[in-house]
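Before any comments, here is the structure.
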Amino acid sequence: MRGAMVKVGVLGLAGLAAATVCWAGDFAKWDPAQLVSETACKACHTPAKIGNQYGAWKDSAHARAFETLKSDAAKEVAKKAGVDDPTTSGKCLKCHSTAYGFTEASVTKDIPVESGVACQTCHGPAKAWKAKHNKDAAAAKADGMIVPTAENTCLRCHNKDNPTDKGDFDFAKAAEKIKHPKAAK
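In the working numbering, the protein residues as written are 59 to 243.
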């Protein structure tokens, strides 16, 4: 019996690892044409009765992520990384805009970067599911909506490959800071 439980546990962990790899891989397959503007999210996600998720995002550092690339400090970090202009480099934009997983050419050509790290960075390109996600979450998920539940959502950017990483990223603390006040219905 104990051996069977160990096998089930190992298989479960292997399945979880495979799902994580597949889930993370989806970001590289995103089609920029499937992204919508953050104002498309704002239309429904501002009422206080559902938590004003848009307002929580707008007041966050994520909403200002692109703007930080214009600072002297960002330009210095970019220079050390061999980047001339952090506001146009995919190396920087992949984590300072809704562009994770795109190539440098597609980031600068096809993806609006001014909104910083917006809704679709965590929830996936919304064109196919935005009209239905508040009515039928299962259908929205089937059409690509992501409900981030794992650290790997944040750790795609908050990691040792980030040139400003100090090794002190605390997922629980960060998740508390950026969580939606209430889930939208």
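Where a beta carbon is used, it is the ideal one built from N, C-alpha and C, also for glycine.
Reduced DSSP category for residue i - H, G, I as helix; E, B as strand; rest coil
i, result
"residue 187", "coil"
"residue 156", "coil"
"residue 115", "helix"
"residue 232", "helix"
"residue 108", "helix"
"residue 132", "helix"
"residue 283", "In the structure as shown, the chain begins at 59 and stops at 243. Residue 283 is therefore absent and cannot be evaluated."
"residue 103", "coil"
"residue 172", "coil"
"residue 93", "coil"
"residue 179", "helix"
"residue 126", "helix"
Inter-residue Cα distance where the pair is residue i and residue j
i, j, result
"residue 122", "residue 193", "30 Å"
"residue 142", "residue 225", "26 Å"
"residue 110", "residue 100", "9 Å"
"residue 91", "residue 135", "31 Å"
"residue 107", "residue 137", "45 Å"
"residue 115", "residue 201", "23 Å"
"residue 152", "residue 170", "12 Å"
"residue 211", "residue 140", "26 Å"
"residue 190", "residue 130", "42 Å"
"residue 234", "residue 215", "17 Å"
"residue 178", "residue 206", "11 Å"
"residue 188", "residue 97", "12 Å"
"residue 227", "residue 213", "9 Å"
"residue 128", "residue 105", "32 Å"
"residue 124", "residue 209", "22 Å"
"residue 172", "residue 144", "13 Å"
"residue 236", "residue 150", "21 Å"
"residue 154", "residue 174", "5 Å"
"residue 132", "residue 223", "13 Å"
"residue 229", "residue 126", "21 Å"
Within 8 Å, strictly: CB atoms of residue i and residue j
i, j, result
"residue 181", "residue 203", "yes"
"residue 146", "residue 176", "no"
"residue 120", "residue 112", "no"
"residue 89", "residue 183", "yes"
"residue 231", "residue 93", "no"
Residue-level contact to chain B via CB, residue i, 8 Å cutoff
i, result
"residue 209", "Chain labels in this structure do not include chain B; a single protein chain is all it has."
**Prompt:** Does the region 207-222 come within contact of the region 189-197, defined as at least 3 CB pairs closer than 8 Å?
**Reply:** Contact between the region 207-222 and the region 189-197 is absent: fewer than three C-beta pairs spanning the two stretches fall below 8 Å.
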